[in-house]
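Input: a single structure, listed below in structure tokens.
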């Protein structure tokens, strides 16, 4: 059963496991869909949110028609100075990921956007699109083992003022992602920035699993936000809900 805890002045919803975390997050999203018209969601991929998409996919088109999805990132390659996205049927493609886990299960498909290739040359183009459509109401967010958030905002490259742009993935990120998925991880991506994510009106920050325990402790007990650990900036967001399972919280005091 979920309980509220405070760590270093930050309120955390502590849940038993990933399954409970998934249910809590999905319930909040569905509740927000009732009051927004439409609800604009900034969403990640990876292993953390998979269960959330599974629960949302069961709701049907009538419920999800009141939502617009904005994905955070997509993989690509830089060849001879030219960036190209991986194909939509590439095993590691995030368009493929979202289609398989959510969009293809709903008819008609909910309205959705991915950052376009123009962001590789013109950083912030996606941010302008989001702003023109009214901004993000709710961001579903997760964290990597190096503290990266909002897509591929890994330290130390990602400044707090960063917007949507092309990035070269760190070797650690490539290695971890390949280990989790068993798929070869492309070298580059287009990702939203820390400024993009922090502009969201509300954030659901999901952290689960023992492998996140060390970095979560560093994030929560950092005296100030630091670009060396990008997730530390979340402490400054006025409406960020920290939803953490007991395994990830195992090293907190």
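Numbering (our numbering), first residue to last: 2 to 254.
We put the beta carbon where it would ideally sit given N, CA and C, even for glycine.
Does DSSP put residue 4 in a helix, a strand or coil? strand
Sequence ranges, alpha helix (DSSP H) only - wholly within the stretch 14 to 72, length at least 4: 19 to 36, 51 to 58, 62 to 65
Of all the options 63, 51, 148, 92, which has the alpha carbon lying nearest to the alpha carbon of residue 222? 148
Tell me the DSSP secondary structure of residue 312 in three-state form. Past the edges of the chain, shown from 2 to 254, lies residue 312, and the structure says nothing about it.
Under 7 Å: does the beta carbon of residue 128 sit that close to some heavy atom of the ligand NAP? Ligands in the displayed structure: none, and consequently the ligand NAP is not present.
Sub-8 Å separation of residue 161 and residue 216 beta-carbons: no
Select from 166, 111, 145, 101 the residue whose C-alpha is nearest the C-alpha of residue 117. 166
So what does residue 207 bridge to, in DSSP terms? 244
Can you tell me whether residue 120 is buried or exposed, with buried defined as 16 or more other CB within 10 angstroms of its CB? buried
Reference residue 29; option with closest CA among 60, 133, 205: 205
The stretch 91 to 103 contacting the stretch 28 to 42, beta-carbon criterion three pairs below 8 Å: no
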